[in-house]
Amino acid sequence: MSVSTLILLSYLLLAIFAFFFVLKSVKMARMPVHLRWELSPVPHEKGKGHYGGSYLETAEWWTKPREKDHVAEGLYMFKEILFLKALFEHKRSLWWFSFPFHFGMYLLIGAAALLALGGIGTVTGFVTPDLWLLSRGLPLLAGAGYALGILGAVGLFFTRLLEKGMANSTTNATYFNVLLLGTLFGTGLWAVFSVPDFTGQVLGFVGALFTADLSIQLAGILKAHFLLSFIFLAYLPFTQMMHFVAKYFTYHEVRWDDNPLEPGGKMEKELIELLGQSPTWSGPHVRADGKKTWVDIATDTGKQEAEK
Amino acid sequence: MSEKVRVKDIGREDLPMLSEVRPEELIPLPPPYDKLEDLPGFKQVSDEKKERVVCNLDGVIAAAMPHPESPEEEQKYVEMFVEGLKKLLSKENNWTFLQPLTLSLEYCIGCQTCADACHVFEATGGKEIYRPTYRSEVWRRLVNKYVKPGGKLLAPLKGADIDLNWTTITRLYELTYRCNLCRRCAQVCPVGVDNGLIAHELRKLFSQELGWAPTELHEKGTVLQLDVGSSTGMNSVVVKDNIEFIDEDITDETGIETVTPFDKEDADVLLIHNAGEMLAWPENPGAFAIILNAAGIDWTLSSEEVGYDGVNYGLFYDDVQLARVAVKHSQTAQKLNAKRIVMGECGHQHKALVTIADRVLVGDLAVRRESFLPLLEEIVFSGKIEFDPSKNDFPVTLHDPCNIVRNLGIVEPQRRILRYLCPQFREMTPHGVDNYCCGGGSGFAIMSGNNYEDWRNNVSGRVKFKQIIQAFQDQPGPEVKKYLCAPCSNCKGTIRDMLKYYGALERSGITYGGLVELIVNAMVDVKEPFIKWEMY
Chain P
18 MSVSTLILLS YLLLAIFAFF FVLKSVKMAR MPVHLRWELS PVPHEKGKGH
68 YGGSYLETAE WWTKPREKDH VAEGLYMFKE ILFLKALFEH KRSLWWFSFP
118 FHFGMYLLIG AAALLALGGI GTVTGFVTPD LWLLSRGLPL LAGAGYALGI
168 LGAVGLFFTR LLEKGMANST TNATYFNVLL LGTLFGTGLW AVFSVPDFTG
218 QVLGFVGALF TADLSIQLAG ILKAHFLLSF IFLAYLPFTQ MMHFVAKYFT
268 YHEVRWDDNP LEPGGKMEKE LIELLGQSPT WSGPHVRADG KKTWVDIATD
318 TGKQEAEK
Chain V
4 MSEKVRVKDI GREDLPMLSE VRPEELIPLP PPYDKLEDLP GFKQVSDEKK
54 ERVVCNLDGV IAAAMPHPES PEEEQKYVEM FVEGLKKLLS KENNWTFLQP
104 LTLSLEYCIG CQTCADACHV FEATGGKEIY RPTYRSEVWR RLVNKYVKPG
154 GKLLAPLKGA DIDLNWTTIT RLYELTYRCN LCRRCAQVCP VGVDNGLIAH
204 ELRKLFSQEL GWAPTELHEK GTVLQLDVGS STGMNSVVVK DNIEFIDEDI
254 TDETGIETVT PFDKEDADVL LIHNAGEMLA WPENPGAFAI ILNAAGIDWT
304 LSSEEVGYDG VNYGLFYDDV QLARVAVKHS QTAQKLNAKR IVMGECGHQH
354 KALVTIADRV LVGDLAVRRE SFLPLLEEIV FSGKIEFDPS KNDFPVTLHD
404 PCNIVRNLGI VEPQRRILRY LCPQFREMTP HGVDNYCCGG GSGFAIMSGN
454 NYEDWRNNVS GRVKFKQIIQ AFQDQPGPEV KKYLCAPCSN CKGTIRDMLK
504 YYGALERSGI TYGGLVELIV NAMVDVKEPF IKWEMY
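What follows is the structure in structure tokens.
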């Protein structure tokens with residue numbers, strides 16, 4: 018594949034990624050407010066979060082000011098995101114592979130950020146590829162990320178295959194995802210070790226993405242690696258691997274959403290709108306006719322026995 | 004019989020059962036309950052019964068679905084099921100849980116962390132069909148195949164190799180009643196996926212679309228409550244009579260003149276009991292009356308239909324019924340102009356009315372609501388009542404009702420009371436928000452037809468029973484009387500059945516009761532012991 022084809026394909030794949038990533042994320046964020054479904058522990062409960070307590074432990078809680086501990090919540094998220102705390106505590110056997118898998122990706126995200134900055138820097142002339150952070154730091158960071166990723170991917174693949182419970186709920190698509198990522202990490206590590214001017218070539222490619230310079234040189238393995246990376250990104254929004262975005266909502270908008278209804282507030286307005294919709298459930302006791310709203314149905318005090 | 008059960012096996016019509024519960028495969032209990040031959044056994048469903056109702060999952064019947072009369076009827080329900088799947092994922096029909104449900108549908112990574120946290124899965128030594136993700140994965144694959152665009156085309160890739168037929172939907176229906184909805188699994192999920200919610204939503208689908216729900220929850224539960232006033236069948240006249248009898252008994256027993264106020268307007272507290280307490284554990288509403296009167300609380304009960312029964316089984320299976328009951332509770336408080344509703348010792352009542360209904364009771368219906376526990380804590384430590392903790396000098400442990408503790412985060416008030424009033428209080432392991440369900444959560448406590456009660460005592464309640472025995476392992480014999488404090492009606496019902504089933508009073512000296520009974524037992528003004536060492 019020529020560099021020009023690769024660059025054009027990269028634009029296309031990145032555009033697909035950006036569009037669908039934003040679309041999916043916005044879709045998650047824009048779901049209607051739901052009934053309260055919080056689950057202890059809620060770490061922002063000041064002075065109580067550590068044992069799972071909530072403001073509901075206080076008599077006439079509505080007469081007291083609510084205090085939220087955002088530091089405790091942030092710390093909880095930090096440990097969860099960076100170290101996969103829940104998995105460490107509740108499923109250690111999987112953590113040994115899942116942690117390097119995810120931490121490897123974090124290192125690669127760091128390497129990608131460095132690469133993007135370096136690419137812009139070299140194009141604009143602010144830095145040169147022989148800057149230590151780029152010439153040595155980049156291969157080190159990326160190499161460590163790829164190595165950890167491979168370890169994780171191999172471990173996760175075989176754990177899923179061999180552990181009875183996991184095998185039953187693992188679909189072909191999930192095996193494919195792990196293999197895809199494993200291959201991506203593998204090509205990356207191969208490139209780090211086999212391409213003498215690794216930093217120069219990858220910086221050149223990133224620079225070319227910004228300048229649309231089609232004349233750059235790129236080793237075959239790097240072409241394969243970049244192509245695979247962008248294919249992965251374009252594919253990502255359509256998979257369960259978007260769980261890293263979903264996790265924000267499952268934690269902040271479900272588990273930890275213990276906001277009480279404030280009369281006259283924004284949430285109440287939204288709820289009144291939702292309660293004005295007309296459900297179409299067919300169960301005889303629901304007595305929905307496509308016109309009655311949730312309010313009509315919830316306040317329908319007609320004798321139920323007669324409806325059976 | 005298939006022991007290596009795959010997700011797609013749920014639709015296999017050639018298997019009479021998908022799996023089977025065998026007592027010898029369950030995790031062992033501590034002595035003296037470790038010998039299978041000494042235990043009451045596990046009733047089998049008769050062939051005659053199987054001919055009348057569907058029994059195709061695990062040899063246990065919760066729902067007692069009659070067989071369809073014709074293939075056309077089967078097909079009708081299968082089509083309704085698909086419609087229900089779509090409605091579960093639509094805003095107008097299921098805005099109530101759309102966001103958490105969609106997130107749980109799309110982003111489970113199948114790590115199985117949930118399985119290790121599930122007491123039902125653990126009790127059976129890891130039976131595949133009780134794995135929290137088994138049910139969820141069936142649903143997920145059905146949605147992928149029958150609801151999503153191009154689902155049938157992408158089925159091989161997404162594992163949606165699952166047949167949808169009468170067998171699938173009836174097995175799935177039964178399977179939704181093998182989860183206590185305790186949400187211990189959701190608590191440990193690294194992604195925040197909630198398999199308990201999925202079971203809950205599937206129950207809703209069956210009820211709200213197909214009209215299927217266990218009789219105990221629907222006809223004898225919410226329907227009876229909305230029609231007569233209480234799922235116990237008591238109308239307001241009977242309730243007032245019963246409370247009057249309870250007051251008289253309590254007065255005779257304690258020497259304290261006990262009067263329960265009814266329908267007092269402008270009261271500070273409208274107390275709503277689970278009406279089952281009045282019939283099964285009358286000492287509980289009696290103890291509440293003693294405490295609230297002694298503390299000088301301005302309180303009342305209501306004789307308004309539904310307003311005297313805090314039960315809301317809609318929480319377990321049907322949003323519509325949940326909302327109707329919650330609205331009635333709120334209207335009761337409005338009518339009396341009560342300042343606040345205080346929940347009695349009933350866990351699911353707490354969850355239904357304090358949090359879930361918070362986003363249903365808008366506008367004028369938004370009456371203030373809270374648990375009895377902070378109020379009791381205030382009273383106990385207020386100095387208004389004199390206590391003698393030595394009257395409670397026997398081993399006491401605490402069961403944490405999931406709906407009060409894990410779901411509402413009310414953890415410490417009850418512990419502060421017990422640490423103060425019960426010198427020999429000890430915790431179970433684990434406890435607090437990490438507790439195990441009693442095994443009766445989500446309606447199982449009141450479901451006992453066929454061999455379901457045996458399943459509850461042997462399977463869903465097994466880990467809790469083990470915990471109870473272990474909490475008292477320093478004094479295991481029956482000569483030392485022990486008290487299991489379970490401040491929740493449904494938990495008490497389950498624990499009563501479980502202790503009776505295993506003969507725990509006779510063999511280990513364990514009885515059970517609520518929190519208010521312990522408080523009254525420690526009151527200096529109550530001369531005779533309030534706690535009776537018997538199985539209630």
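Line order of the protein sequences matches chains P and V.
Residues in the first sequence are numbered from 18 upward in steps of one, following our numbering.
Residues in the second sequence are numbered from 4 upward in steps of one, following our numbering.
Backbone N, C-alpha and C define an ideal beta-carbon position, used for all residues, glycine too.
These numbers were taken from a predicted model, which means no experiment stands behind them.
> For the segment 248-270 of chain P, which residues have a CB atom closer than 8 Å to at least one CB atom of chain V, in sequence order?
Replying inline: Listed in sequence order: Gln257, Met259, His260, Ala263, Lys264, Phe266, Thr267, Tyr268 and Glu270.
> Can you give the beta carbon distance from Ser22(V) to Glu177(V), rounded, assuming they're within the 8 Å contact cut?
Replying inline: Rounded, the Cβ-Cβ distance is 11 Å, inconsistent with contact.
>> Under DSSP, the alpha helix (DSSP H) around Val195(P) begins and ends at which residues?
In response: Asn189 to Ser211
> If we count Cβ pairs, one from each stretch, closer than 8 Å, do we get three or more for the segment 381-395 of chain V versus the segment 344-359 of chain V?
Replying inline: Under the Cβ criterion (8 Å, minimum of three pairs), the segment 381-395 of chain V does not count as touching the segment 344-359 of chain V.
> Rounded to a whole number of angstroms, what is the C-alpha to C-alpha distance between Lys325(P) and Glu27(V)?
Replying inline: For Lys325(P), the predicted structure reports a pLDDT of 45, less than 50, and the residue's modelled location is therefore unreliable. A value from the coordinates is still provided. Whole-angstrom Cα-Cα distance: 42 Å.
> How long is the line joining the alpha carbons of Arg459(V) and Arg465(V), rounded to whole angstroms?
Replying inline: 8 Å
>> Can you pull the chain V neighbours of Gly199(P), defined as C-beta to C-beta under 7 Å?
In response: The contacting residues do not exist; Gly199(P) stays about 16 Å from chain V at best.
> Between Ser374(V) and Pro49(P), what straight-line distance do the alpha-carbon atoms span, to the nearest angstrom?
Replying inline: 28 Å
> Does Leu134(P) have its Cβ less than 8 Å from a Cβ in chain V?
Replying inline: no
> Can you tell me the Cα-Cα spacing of Ile314(P) and Ile246(V), whole angstroms?
Replying inline: 33 Å
>> In the DSSP assignment, the alpha helix (DSSP H) including Ser141(V) goes from what residue to what residue?
In response: Residue identity check: residue 141(V) is Val in the sequence provided, not Ser. It spans Pro135 to Tyr149 - the alpha helix (DSSP H) in which Val141(V) sits, taken as one unbroken run.
> Looking at the C-beta of Met48(P), does it have a partner C-beta in chain V at a distance below 8 Å?
Replying inline: yes
> Taking the alpha-carbon positions, what's the Ala297(V) to Ala326(V) distance?
Replying inline: 35 Å
> In chain V, which residues lie with their C-beta within 9 Å of the C-beta of Ile314(P)?
Replying inline: The contacting residues are Val323, Ala326 and Arg327.
>> What are the residues in the segment 284-318 of chain P lying within 8 Å of chain V by C-beta distance?
In response: Met284, Glu285, Leu288, Ile289, Leu291, Leu292, Gln294, Ser295, Pro296, Thr297, Trp298, Ser299, Gly300, Pro301, His302, Val303, Trp311, Ile314, Ala315, Thr316, Asp317 and Thr318
> Closest by CA to Cys111(V), which one among Val141(V), Lys89(V) and Val226(V)?
Replying inline: Checked all of Val141(V), Lys89(V) and Val226(V); the closest Cα to Cys111(V) is Val141(V).
> Under 8 Å between C-beta atoms, does Val140(P) make it to chain V?
Replying inline: At least 8 Å separates the CB of Val140(P) from every CB of chain V.
> Is Ile253(V) near the ligand GDP, with its Cβ less than 7 Å from a heavy atom?
Replying inline: As far as ligands go, the structure on display features none, and thus does not contain the ligand GDP.
> Are the segment 363-372 of chain V and the segment 415-422 of chain V touching by the rule of at least three beta carbon pairs closer than 8 Å?
Replying inline: no
> Nearest-angstrom Cα distance between Ala35(P) and Ile233(P)?
Replying inline: 25 Å
>> Whole angstroms are fine: how far does the CA of Ala32(P) sit from the CA of Phe114(P)?
In response: 31 Å
> What are the boundary residues of the beta strand (DSSP E) that includes Thr514(V)?
Replying inline: Ile513 to Gly516
>> When you compare the CB of Glu381(V) with every CB in chain P, is at least one pair closer than 8 Å?
In response: So yes, Glu381(V) belongs to the interface.
> When burial is assigned at 16 or more other CB atoms within 10 Å of the CB, is Lys485(V) buried or exposed?
Replying inline: buried
> Can you tell which of Ser511(V), Leu156(V), Ala189(V) and Tyr80(V) has its C-alpha closest to the C-alpha of Asp477(V)?
Replying inline: Ser511(V)
>> Along the segment 62-87 of chain V, where does the CB come closer than 9 Å to a CB of chain P? Name the residues.
In response: Met83, Glu86 and Gly87
>> Given a cut-off of 8 Å on the beta-carbon distance, is the pair Ile172(V) and Tyr80(V) in contact?
In response: yes
>> How far does the alpha helix (DSSP H) with Glu82(V) in it extend, from its first residue to its last?
In response: Residues Pro74 to Leu91.
> What residue range is occupied by the uninterrupted beta strand (DSSP E) comprising Cys488(V)?
Replying inline: Segment Lys485 to Cys488, the beta strand (DSSP E) holding Cys488(V).
> In the structure shown, what three-state DSSP assignment does Ile64(V) receive?
Replying inline: coil
> Could you give the uninterrupted runs of the alpha helix (DSSP H) lying entirely in the segment 205-293 of chain V, keeping only those of 4 residues or more?
Replying inline: Counting whole runs of 4 or more residues, the segment 205-293 of chain V contains the alpha helix (DSSP H) stretches 227-231, 239-257 and 279-283.
> Should Leu99(P) be labelled buried (16 or more other beta-carbon atoms within 10 Å of its own) or exposed?
Replying inline: Per the 10 Å Cβ criterion, exposed.
> Beta carbon of His51(P), beta carbon of Leu101(V): below 8 Å?
Replying inline: Yes, they are a contact pair.
> If you measure from the beta carbon of Val195(P) to each beta carbon in chain V, is any gap under 8 Å?
Replying inline: no
> Could one say the Cβ of Trp79(P) lies closer than 8 Å to chain V's Cβ atoms, at least one of them?
Replying inline: yes
> Along chain P, in chain order, which residues have C-beta atoms closer than 7 Å to that of Cys491(V)?
Replying inline: Near Cys491(V) there are no residues of chain P at all, since even the closest Cβ is about 15 Å away, more than 7 Å.
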